[in-house]
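These notes are about the structure you will find just below.
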Amino acid sequence: MHQSTTRSLTGNDEPVSADLEVQNLGYVPVYRRVFGILGSVCSVISVASPIGVFVAVYYQIIYGGYWGLSWGWIIPAILCVSQPLAIAELCSSIPVNGAFYWWTAALAPKSISRPLSFIVGWTNCMSLLTSLASFAYASASSIAYVISILRPDWVPTNSMIMGIAMGMVLFWGLINTLPMEKFQWVFFVTTAVMVLTNFIYVIAVPVTHAKQNLPFASAAQVFGEYTNSSLYDESIAVPMSFFCAVWVITGWQAPAFIAEETQNASRVAPRAIITSYIAIAFGGVVVCLVTAFCIPDILVAAADPSGFPMYTLVIEHWGKNVGCGFLMVLLLTGNMGGPSLLLTSASQVAAFARDGGLPFPHIFSHIHQSSNMPLAAIGLLVSGAILILLFALSTMARTIIFSLAVIAYLLTFAIPILLRITCHQRFVPGPLTYGRFSIPIHMWALSTICYFIIMESFPSSPDWTSSTFNYSWVISLGIVGLASVLWPTVRKNFRSIELQAFGGELHDVNATVITAVSSKVGNGSAQRSANEDGKAH
-8 MHQSTTRSLT GNDEPVSADL EVQNLGYVPV YRRVFGILGS VCSVISVASP IGVFVAVYYQ
52 IIYGGYWGLS WGWIIPAILC VSQPLAIAEL CSSIPVNGAF YWWTAALAPK SISRPLSFIV
112 GWTNCMSLLT SLASFAYASA SSIAYVISIL RPDWVPTNSM IMGIAMGMVL FWGLINTLPM
172 EKFQWVFFVT TAVMVLTNFI YVIAVPVTHA KQNLPFASAA QVFGEYTNSS LYDESIAVPM
232 SFFCAVWVIT GWQAPAFIAE ETQNASRVAP RAIITSYIAI AFGGVVVCLV TAFCIPDILV
292 AAADPSGFPM YTLVIEHWGK NVGCGFLMVL LLTGNMGGPS LLLTSASQVA AFARDGGLPF
352 PHIFSHIHQS SNMPLAAIGL LVSGAILILL FALSTMARTI IFSLAVIAYL LTFAIPILLR
412 ITCHQRFVPG PLTYGRFSIP IHMWALSTIC YFIIMESFPS SPDWTSSTFN YSWVISLGIV
472 GLASVLWPTV RKNFRSIELQ AFGGELHDVN ATVITAVSSK VGNGSAQRSA NEDGKAH
């Protein structure tokens, strides 16, 4: 069956149905379109809410003090706003679950499109696995810490924390067996509780602070006093203070990963990406500023032996029982973001398998029709995350693996953004397009990505040893190298992307359309061919 799509380069064309867009890209739509704008935004907030500040605020305080809590959030939030803008435009152009590797294949020159797409897809899968494991470990260690406050005689070992983390991953997998229509209520409820707990924090902590007649930090301190408690000098410490924001304001790209499950995806998914980023960035700055004003002595907070100064702040203000109760609600709610992370990750894995990027594609691309879930891909991710957690019993391995999640994640969407800049004549815009501002926005996004990849590669201290060195960049290069080695073994089965633009319209040149649940993966599909004579599309 041959299908074609027409899309005006101005983006003012007649809307094409979301299922037809997927069909025109060479697939039989198998997902029911469950998510609207609210569901897509909640899929992000349930994972990457400002609650993450509670875990990562240590970086802001150690590397910047009061300044880190204010400008250490505001500056990176502004610097990185170009990233969701860039990804939203790409998602609007090609709203499929494959996202990064698909956009890479569509934009790259034909000679390198397939291998480069495979490398991006493989790196993305590794990032998804490590992200899932690191999220589980962070949740488990935080919960174990709060329990140890309530029961001082219980000292959690690393193996205990790993056991809790593995149990969490298994629980997330069970939640993901729910039908998608019911599963989205996990998004709604989790997001509602998260918003409520954040609201309670930003209101109740200052009120309690005032009732206890504790001194507030002044605005001059919060916005103007820089304190570096690390061993690095300011040239390194200042950007290090940005990492709390960089790590917490994440997950906003999730709507692109469930585009095929989203209604009117070419419009709704990009809006959800931008809305999610703004919501997390704004909510985070409120939480950070409230925290800063309620810390009378930043040096005491920097010296907090627990590594969780905001936990200490809550317990000091509300007492051990009420404070720990609030933190447990906060952390358990945050833990319920795990099923959302697992679903959005599994949708990408299923898409990559559908295109022949993984072994046994007919298994891992299968979408269970009753639940509308990629159950086999979910099972693969759960198994992989548990295996990674076993390796992470080693402290050194844990540091490497969890740092890898950030660098690999940044690399995967740096490539399509770079191609949007260098191969702009191959890009056909969707309903969301920035016109002449598009290339500058993508250049801005690429610059910030490269900057934070470099900073993420620094060790936590200048006095590093072989055991404290940051090996994440080495492992990232190793994954790219492994993908390059694997490419000859999968090239026969890995799908290509052959979309052509004629007369300002995008056409599918495939003669057949494949299904995500088929036991066969089409060998011929897609390279987005640009007009080789240099004409603009």
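Per my numbering, numbering through the sequence shown is continuous, rising by one, with the last residue being 528.
Virtual Cβ for every residue (Gly too), placed ideally from N, Cα, C.
Restricting to Cα atoms, I'd like to know which of the options is closest to residue i.
i: D346; options: L473, R486 and Y302; result: R486
i: W243; options: L333, G426, P350 and V38; result: V38
i: F214; options: S61, V35 and I488; result: S61
i: I271; options: I227, V72 and N363; result: V72
i: P143; options: V237, C315, K202 and M434; result: C315
i: A245; options: I53, I66 and A79; result: A79
i: F284; options: V196, P350, V137 and G63; result: V196
i: W435; options: I445, W464 and Q74; result: Q74
i: F355; options: N15, K311, G370 and S362; result: G370
i: C414; options: S34, H433, N88 and E307; result: H433
i: V19; options: I358, E447 and V465; result: I358
i: K311; options: V177, V35, S139 and L161; result: S139
i: P352; options: I306, Q339, V180 and I289; result: Q339
i: A156; options: I269, A376 and G43; result: A376
i: M364; options: L401, V397, M319 and F174; result: F174
i: S458; options: S385, I444, Y92 and Y442; result: S385
i: I379; options: C441, G154, W478 and I249; result: G154
i: P230; options: F179, F443, P479 and N115; result: F443
i: F343; options: Y192, Y128, I488 and R24; result: I488
i: F299; options: W309, I134 and I191; result: I134
i: S226; options: M446, T456, L468 and W455; result: M446
i: S118; options: L402, G421 and S438; result: L402
i: H200; options: L437, S429, T282 and H308; result: H308
i: Y540; options: N88, M159 and S374; result: Since the first residue of the chain shown is -8 and the last is 528, residue 540 is not available in this structure.
i: L349; options: V465, N88 and W478; result: W478
i: S463; options: A90, A294, L372 and V397; result: V397
i: K101; options: L410, I430 and N484; result: L410
i: V193; options: S467, G30, F273 and P431; result: F273
According to the Cβ coordinates, are residue i and residue j closer than 8 Å?
i: L107; j: T95; result: yes
i: E12; j: P67; result: no
i: N461; j: P450; result: yes
i: L321; j: F126; result: no
i: G27; j: V186; result: no
i: S232; j: Y49; result: no
i: I69; j: V276; result: no
i: R417; j: L98; result: yes
i: Y22; j: E251; result: yes
i: I264; j: A247; result: yes
i: I286; j: A399; result: no
i: S84; j: V419; result: yes
i: V137; j: L318; result: yes
i: S545; j: T218; result: What the structure shows of the chain is the stretch from -8 to 528, and residue 545 is not part of that stretch, so it cannot be assessed.
i: T188; j: G328; result: no
i: G56; j: W238; result: no
i: A474; j: T114; result: yes
i: A124; j: A383; result: yes
i: G373; j: L161; result: With the sequence shown as reference, residue 373 is identified as Val, and Gly is not the correct amino acid for it. Yes.
i: V32; j: S257; result: no
Could you have a look at residue i and say whether DSSP puts it in helix, strand or coil?
i: M327; result: coil
i: A66; result: It should be noted that the sequence gives Ile, not Ala, for residue 66. Looking at I66 - three-state DSSP - the assignment turns out to be helix.
i: I85; result: coil
i: H357; result: coil
i: I240; result: coil
i: D4; result: Low local confidence applies: a pLDDT of 42 at D4 is under 50, so the model's placement there is unreliable, with the coordinate-based value given in what follows. Looking at D4 - three-state DSSP - the assignment turns out to be coil, as it is neither helix nor strand.
i: A488; result: First, the amino acid is wrong: residue 488 is Ile here, not Ala. Reduced to three states, the DSSP call for I488 is strand.
i: D524; result: Note that D524 scores 34 on pLDDT, short of 50, meaning its location in the model is unreliable and no value can be drawn from it.
i: S336; result: helix
i: N514; result: Reliability fails at N514, whose pLDDT of 36 lies under 50, so the model's placement of it is uncertain and the value that follows must be treated cautiously. The answer is coil: DSSP assigns N514 none of H, G, I, E or B.
i: A99; result: coil
i: N501; result: Caution applies to N501, whose pLDDT of 47 falls short of 50 and renders its modelled position unreliable; the value that the coordinates give is listed next. Coil at N501, not helix or strand.
Taking 7 Å as the cut-off, is the C-beta of residue i nearer than that to any heavy atom in the ligand PLP?
i: L366; result: Only the bare structure without any ligand can be found here, which leaves the ligand PLP out of the picture.
Contiguous alpha helix (DSSP H) assignments of at least 4 residues, all confined to the segment 395 to 480: 429 to 447
Start-end ranges of the alpha helix (DSSP H) lying completely within the segment 14 to 61, minimum 4 residues: 28 to 36
Segments assigned alpha helix (DSSP H), at least 4 residues, entirely inside the segment 261 to 296: 289 to 293
Whole alpha helix (DSSP H) elements within the segment 145 to 224, 4-residue minimum: 149 to 166, 171 to 202 and 210 to 215
Given 8 Å, three or more beta-carbon pairs between the segment 205 to 220 and the segment 325 to 342: no
Given 8 Å, three or more beta-carbon pairs between the segment 422 to 431 and the segment 108 to 117: no
Cβ pair count under 8 Å reaching 3, the segment 403 to 411 against the segment 149 to 157: no
Runs of alpha helix (DSSP H) wholly within the segment 100 to 142 (minimum 4 residues, chain order): 101 to 141
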